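**Student:**
Residue numbers (my numbering): -5 to 192.
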């Protein structure tokens, strides 16, 4: 993994501090950033570089912290990220953070309902799908996610060990699908990884 540029590392550190302070205590769930951990960002970046991932779909941008890791990793590959977020306040924060990082040209930020977007997305259009959204929706989204993911592509699901009961149904269905090879990676809050057969 190439070294993070100092400016990006500084911004990521700032967002980590902000997320920890913002999410502490009685902050309403809808106002929490609920960002991935730094080691999860490093894992995603290494995975992207190892697989040559260029077309990324992220469901759950929040304030853009995770998107910055995805953009950093795919930038030298000529890649692009489409990221979805339904909170207008978080969309505004994310957009500002992409611009501060100078990575806005690699990112298409879509505000609105993820289910609607997924139902209309092109088949085979994503090399990697990163899910960090409302976990109760994942199972209903699965037919769309499976269709959108290209052969050989990867789905990564955050919070697989921090909230196992909330993703259990989804994990069971994917594990039972013979088109996918799966693993649970004990990094950060737990990453469930599923690779689609070629």
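Beta carbons are placed, not taken as given, at the ideal position from N, Cα and C, and that holds for glycine.
Please read these numbers as outputs of a predicted model, since none were measured by experiment.
Are there 16 or more other CB atoms within 10 angstroms of the CB of residue 185, so buried, or fewer, so exposed?
**Tutor:** buried
**Student:** Where residue 31 and residue 182 are concerned, what is the direct C-alpha to C-alpha distance, given to the nearest angstrom?
**Tutor:** Using only the alpha carbons, I get a separation of about 5 Å.
**Student:** Classify residue 51 as helix, strand or coil using the three-state DSSP reduction.
**Tutor:** strand
**Student:** Return the Cβ separation of residue 55 and residue 103 in integer angstroms, given the expectation that the two are a contact with Cβ distance under 8 Å.
**Tutor:** 6 Å
**Student:** Measure the C-alpha to C-alpha separation of residue 129 and residue 165 and round it to an integer number of angstroms.
**Tutor:** 11 Å
**Student:** State the Cα-Cα distance for the pair residue 145 and residue 39, rounded to the nearest angstrom.
**Tutor:** 20 Å
**Student:** Just to confirm my understanding: we take residue 153, look at its own chain, exclude 5 residues before and 5 after, and list those with CB closer than 8 Å. What are they?
**Tutor:** 126, 129, 160, 161, 183, 184
**Student:** Can you say whether residue 148 is buried or exposed, counting buried as having 16 or more other CB atoms within 10 angstroms of its CB?
**Tutor:** Buried.
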